[in-house]
Amino acid sequence: MTEHTPEDLDPTGRDLRQYTDELRPQHAVVRNTSGQWVLLRHADVVAAAQDPETYSSRVSAHLQVPNGLDGAEHRAARETLDRYFEPQALAPFEPVFRDIAREMVARIPVGVVVDAVGDLGAQFAVRAQSAWLGWPAKLEPLLLDWMRANHAATRSQDRSRTAAVAEEFDDIIRSVLKPRRVMGDRAPNDVTTQLMHDTISGRPFTDTELVSVLRNWTGGDLGSIALCVGVLFAYLADNPEIQRRLGDDISDADLDAAIDEILRIDDPFVSNRRRTTCPVHVGGTDIPEGAVVKLHWTSANRDEEVFGDPDRFDPAGNAANNIVYGTGPHVCPGRPLATMELRIVLQEVLAARQVTPAVGDQARREVAPVGGFHRVPVVLRNRGTSERTRGRLD
Numbered sequence: 009m010t011e012h013t014p015e016d017l018d019p020t021g022r023d024l025r026q027y028t029d030e031l032r033p034q035h036a037v038v039r040n041t042s043g044q045w046v047l048l049r050h051a052d053v054v055a056a057a058q059d060p061e062t063y064s065s066r067v068s069a070h071l072q073v074p075n076g077l078d079g080a081e082h083r084a085a086r087e088t089l090d091r092y093f094e095p096q097a098l099a100p101f102e103p104v105f106r107d108i109a110r111e112m113v114a115r116i117p118v119g120v121v122v123d124a125v126g127d128l129g130a131q132f133a134v135r136a137q138s139a140w141l142g143w144p145a146k147l148e149p150l151l152l153d154w155m156r157a158n159h160a161a162t163r164s165q166d167r168s169r170t171a172a173v174a175e176e177f178d179d180i181i182r183s184v185l186k187p188r189r190v191m192g193d194r195a196p197n198d199v200t201t202q203l204m205h206d207t208i209s210g211r212p213f214t215d216t217e218l219v220s221v222l223r224n225w226t227g228g229d230l231g232s233i234a235l236c237v238g239v240l241f242a243y244l245a246d247n248p249e250i251q252r253r254l255g256d257d258i259s260d261a262d263l264d265a266a267i268d269e270i271l272r273i274d275d276p277f278v279s280n281r282r283r284t285t286c287p288v289h290v291g292g293t294d295i296p297e298g299a300v301v302k303l304h305w306t307s308a309n310r311d312e313e314v315f316g317d318p319d320r321f322d323p324a325g326n327a328a329n330n331i332v333y334g335t336g337p338h339v340c341p342g343r344p345l346a347t348m349e350l351r352i353v354l355q356e357v358l359a360a361r362q363v364t365p366a367v368g369d370q371a372r373r374e375v376a377p378v379g380g381f382h383r384v385p386v387v388l389r390n391r392g393t394s395e396r397t398r399g400r401l402d
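Next up, the structure:
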């Protein structure tokens with residue numbers, strides 16, 4: 009151990025964004041109380057993410073398709089699953105998501121405090137993901153309850169509690185698969201049914217693999233989209249000039265770049281785990297073979313050596329180094345879907361409303377191991393035409 013590497017750091021109850029900002033200037037690598045080695049700097053995180061031979065994704069004791077696979081198995085899974093996120097596959101859902109967002113905006117009261125995470129993000133995430141997968145509307149309240157239980161279990165870091173919540177979600181997935189099997193050829197032609205009839209390496213998915221894929225597509229994405237909406241609305245409420253620019257008639261590409269940059273500044277996708285396949289030397293630290301390593305995306309995306317002032321809003325200047333959705337062979341396959349959903353939410357809200365802070369009601373950040381915000385109180389106000397300006401995000 010080098011004198012530059014602190015051991016046994018306990019992130020419990022901490023805002024990980026603030027904590028890693030404090031650690032990163034002095035420490036490239038730290039070790040937490042769970043014995044995991046945490047990479048904090050951009051260069052080290054990128055290098056590890058792009059070296060799957062040294063940093064294996066086989067960390068969990070449970071099957072995770074595709075994110076827990078390596079090598080040829082991972083490539084085969086991605087070859088099949090990435091097709092679901094291609095532009096032509098997602099295009100039919102754009103008007104569906106837009107209708108969901110418009111209905112949500114129309115329903116949310118003007119001039120009163122609402123929670124951007126729970127009242128906006130979670131509601132939209134559940135409805136949009138259910139529409140994409142073809143899941144019945146009757147599951148939406150159950151999914152919302154599960155999201156709250158999952159975040160609470162994750163914050164508790166109680167393994168028995170998180171395992172129980174995970175099993176609850178697997179039961180939800182099985183309840184969707186079972187009637188489709190009974191219906192056979194009469195099953196709805198939606199993404200879930202298509203996946204059930206798809207193949208990996210020339211064979212059908214096993215039941216366990218199907219549950220794993222759908223858990224990855226839903227269990228992770230529901231909470232992620234809700235957290236992203238919270239981060240976006242917290243930022244826009246505090247930065248009205250940028251909000252006005254995003255509410256103008258800018259291109260989808262400009263808006264996508266702005267969303268990515270806000271999420272870089274306050275990245276709610278905290279980390280992913282890897283396991284070393286041999287001893288490694290990173291940031292002056294020797295890490296043994298078989299060690300669990302965390303690639304800390306939130307910290308890496310705020311590395312002063314790469315971004316200068318990490319809070320400076322510069323979509324074009326920071327795009328090349330932005331790793332909100334990861335990098336390397338395990339880069340997030342769902343990025344196109346997430347980007348579409350977040351873009352539509354912002355477009356529909358900002359077309360009609362102005363997002364303002366809730367006076368006297370502060371946002372509450374999430375704490376380790378969750379990123380982003382637990383609650384973001386905002387007030388939506390009608391946006392008059394006099395408030396509209398035109399311009400580009402340069």
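Okay, so the sequence shown: first residue is 9 according to our numbering, each after it adds one. All residues carry an ideal CB built from backbone N, CA and C; glycine is no exception.
Residue i to residue j span [Cα, whole Å]
i      : j      : result
Gly380 : Leu218 : 29 Å
Gly325 : Thr88  : 34 Å
Asp23  : Ser209 : 42 Å
Arg135 : Val173 : 21 Å
Val237 : Glu349 : 10 Å
Pro1   : Gly298 : The requested residue 1 is not part of the displayed model; the chain covers only 9 to 402.
Pro385 : Pro296 : 45 Å
Phe404 : Leu98  : As shown, the chain starts at 9 and ends at 402. That puts residue 404 outside it, with no answer to give.
Ser232 : Asn197 : 27 Å
Ala242 : Leu271 : 11 Å
Met191 : Glu175 : 25 Å
Leu240 : His205 : 37 Å
Leu230 : Pro103 : 20 Å
Ala308 : Asp193 : 48 Å
Thr306 : Arg25  : 6 Å
Asp260 : Arg351 : 8 Å
Gln72  : Gly119 : 44 Å
Asp127 : Ile116 : 8 Å
Identity of the residues DSSP links to residue i by a beta bridge
i      : result
Pro95  : Pro95 is not bridged to any residue.
Lys302 : Val46, Arg281
Asp123 : Pro385
Asp319 : Asp319 is not bridged to any residue.
Tyr333 : Paired residue(s): none; Tyr333 is not in a bridge.
Asp294 : His289
Gln355 : The partner list for Gln355 (beta bridge, DSSP) is empty, contrary to what the question assumes.
Ile208 : Arg211
Ser444 : A query on residue 444 cannot be resolved here, the shown segment of the chain reaching from 9 to 402 and no further.
Pro365 : Val386
Asn40  : Leu17
Beta-carbon contacts of residue i that lie in its chain and below 8 Å, excluding the five residues immediately before and after
i      : result
Tyr27  : Pro19, Ala376
His82  : Pro60, Ser65, Pro74, Pro337, His338
Gln251 : Leu244, Ala245, Leu358, Gln362, Val363
Ala327 : Ala265, Asp268, Glu269
Thr200 : Leu141, Gly142, Trp143, Val184, Leu185, Arg188, Leu222
Thr397 : Any reading at Thr397 must be qualified, since the residue scores a pLDDT of 40, below 50, and its modelled position is unreliable; the value itself is stated next. These residues qualify, in order along the chain: Arg252, Arg253, Asp256.
Trp225 : Gln137, Leu141, Gly342
Arg391 : Gly255, Leu358, Ala359, Ala360, Arg361, Gln362
Arg110 : Glu356
Asp29  : Ser307, Arg310, Pro318
When the options are compared against residue i, the one with the closest alpha-carbon
i      : options                        : result
Pro95  : Pro344, Ser220, Val387, His382 : Pro344
Met155 : Leu235, Arg91, Val384          : Leu235
Arg223 : Phe177, Arg211, Gly291, Asp246 : Phe177
Arg310 : Phe277, Ala161, Ala139         : Phe277
Thr207 : Gly255, Gly291, Arg91          : Arg91
Val121 : Asp369, Gln44, Arg281          : Asp369
Asp275 : Tyr333, Gln34, Pro103, Asp78   : Tyr333
Ala371 : Gln72, Val125, Pro33           : Val125
Thr33  : Ile116, Val67, Gly316          : It is Pro, not Thr, that sits at residue 33 in the sequence shown. The shortest Cα separation from Pro33 among Ile116, Val67, Gly316 belongs to Gly316.
Arg373 : Asn158, Val67, Asp78, Arg163   : Arg163
Leu152 : Lys146, Ala130, Gln165         : Ala130
Nearest-angstrom Cβ-Cβ length linking residue i and residue j, presumed shorter than 8 Å
i      : j      : result
Ala366 : Val387 : 5 Å
Val363 : Val113 : About 11 Å; that fails the 8 Å criterion.
Arg383 : Asp215 : Their Cβ separation, rounded to whole angstroms, is 37 Å, which puts Arg383 and Asp215 out of contact at 8 Å.
Arg389 : Arg361 : 6 Å
Asn329 : His50  : 7 Å
Ala36  : Gly292 : 6 Å
Asp52  : Val290 : 5 Å
Leu303 : Arg283 : Incorrect: roughly 12 Å between the Cβ atoms, too far for contact.
Own chain partners of residue i with C-beta closer than 6 Å, once the 5 adjacent residues on each side are dropped
i      : result
Val54  : Thr335
Arg169 : Ala161
Thr393 : Here Thr393 scores only 43 on pLDDT, less than 50, and its place in the model should not be relied on; the value that follows carries that caveat. Once the five neighbours on either side are set aside, Thr393 has no close Cβ partner at all.
Gly43  : none
Pro323 : Ala265, Ala266, Glu269, Leu401
Ala195 : Arg188, Thr201
Gly21  : Val375
Close beta carbons around residue i, own chain, < 7 Å, minus the five adjacent residues each side
i      : result
Val38  : Thr13, Pro14, Leu17, Leu31, Val46, Leu48
Asp294 : Pro287
Arg86  : Pro74, Pro341
Glu148 : Val134, Arg135, Ser138
Thr285 : Glu61, Thr62, Ser64, Glu297
Chain B contact for residue i (CB, 9 Å cutoff)
i      : result
Asp153 : Any reference to chain B falls outside this structure, which holds one protein chain only.
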